[in-house]
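Quick notes on the structure that follows.
Numbering (mature numbering (1 follows the signal peptide of the UniProt record, and there is no 0)), first residue to last: -19 to -1, 1 to 233.
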């Protein structure tokens, strides 16, 4: 079972974080803007690619949050399912501004059967592999294969997770190249109508299972530390008392 937390509890976690923000507006709300998707987090990852000598190599990347361009759609219908999506065009950190941007796309579905207001239904990564890596392909598209846990939430809640990895595979007839995209300090809200491009102050978030387990461990660890401290103090007291008795007997 997921834990629920108010947004104010998370503000301190984002201080100093190199995160990028997403806010997707409705097309029909130009006079009084409203937003369907709000996202905050940062992303790193690793892609596999094939070199010119037919070997598989890895390349690590990190999203340069200063280069992000955001786009998206609110309330679309795909295969009779309501969906929303956002795309982030970005440069990888350390690259030249003249290179082409990569694209990260996240799609959300409204899942009434599981009583979920939103669930992440797909994640895609389109990359331009740097020339110096000697890749056989200049571009590669990776699509979602599996994840440790999907982003989802019920009612009007958002979703949050300190670390959320996704595992992707190449979408082509070539070798089964893989990629990993790891999001950190994630907060996301979809199928919403909020009047500002940020999370409401009273927004409730559902924690991922990883954070829920960590939260459950905190009181156990604190309790064990306090118990250990009590034992240390008690032993010190008994040793001091024994020494005082011995000194009293010696003086007699």
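Note that CB positions come from ideal geometry on N, CA and C, so glycine has one too.
The model shown is predicted, which means the values in this text are computed figures rather than measured ones.
*asked:* Please give me, in chain order, every unbroken run of the alpha helix (DSSP H) with length at least 4 that falls completely inside the region 61 to 115.
replied: Correct list: empty.
_Alpha-carbon to alpha-carbon, residue 91 and residue 61_ = Residue numbering aside, residue 61 sits at position 80 when the chain shown is read from its first letter. Residue numbering aside, residue 91 sits at position 110 when the chain shown is read from its first letter. Each residue's Cα considered, the two are about 11 Å apart.
*When the Cα atoms are used, what is the spatial distance from residue 20 to residue 35?*
Against the chain shown, residue 20 aligns to sequence position 39. Against the chain shown, residue 35 aligns to sequence position 54. Distance between the alpha carbons of residue 20 and residue 35: 39 Å.
*For residue 135, which three-state DSSP category applies?*
One-based indexing of the chain shown puts residue 135 at position 154. Residue 135 falls in the coil class under three-state DSSP.
*Within the same chain, show all residues whose beta-carbon is closer than 8 Å to that of residue 135, passing over the 5 residues directly before and after it, in chain order.*
Within the chain shown, numbered from 1, the residue matching residue 135 stands at position 154. The answer, listed in chain order, is 96, 97, 98, 187.
*Contacting residues, own chain, Cβ-Cβ under 6 Å from residue 235 (five flanking each side not counted)*: Residue numbering for the chain in the displayed model covers -19 to 233; residue 235 lies beyond these limits and cannot be assessed.
*Return helix, strand or coil for residue 241, following the three-state DSSP convention.*
Nothing in the structure corresponds to residue 241, since the chain is present only between -19 and 233.
*Give a yes or no on whether the C-beta atoms belonging to residue 58 and residue 64 are separated by under 9 Å.*
Numbered from 1 along the chain shown, position 77 holds the residue referred to as residue 58. Numbered from 1 along the chain shown, position 83 holds the residue referred to as residue 64. By the CB criterion at 9 Å, residue 58 and residue 64 fall inside the cutoff.
*Quick one: residues in its chain with C-beta nearer than 6 Å to the C-beta of residue 4, no 5 flanking neighbours on either side, listed in chain order?*
Here residue 4 is taken as the residue at index 23 of the chain shown, counted from 1. Sequence-distant Cβ neighbours of residue 4 in its own chain, meaning closer than 6 Å and more than five residues away, are 16, 19, 178.
*Taking DSSP as the reference, what is the three-state secondary structure of residue 192?*
As a working note, residue 192 is residue 211 in the chain shown. Helix.
*If you draw a straight line from the alpha carbon of residue 129 to that of residue 171, how long is it in whole angstroms?*
Taking the chain shown and counting its residues from 1, the one referred to as residue 129 is at position 148. Taking the chain shown and counting its residues from 1, the one referred to as residue 171 is at position 190. If you draw a straight line from the Cα of residue 129 to the Cα of residue 171, it comes to about 20 Å.
*Own chain residues within Cβ distance below 6 Å of residue -1, not counting five before or after*: Taking the chain shown and counting its residues from 1, the one referred to as residue -1 is at position 19. Closer than 6 Å at Cβ, skipping near neighbours: 21, 22, 23.
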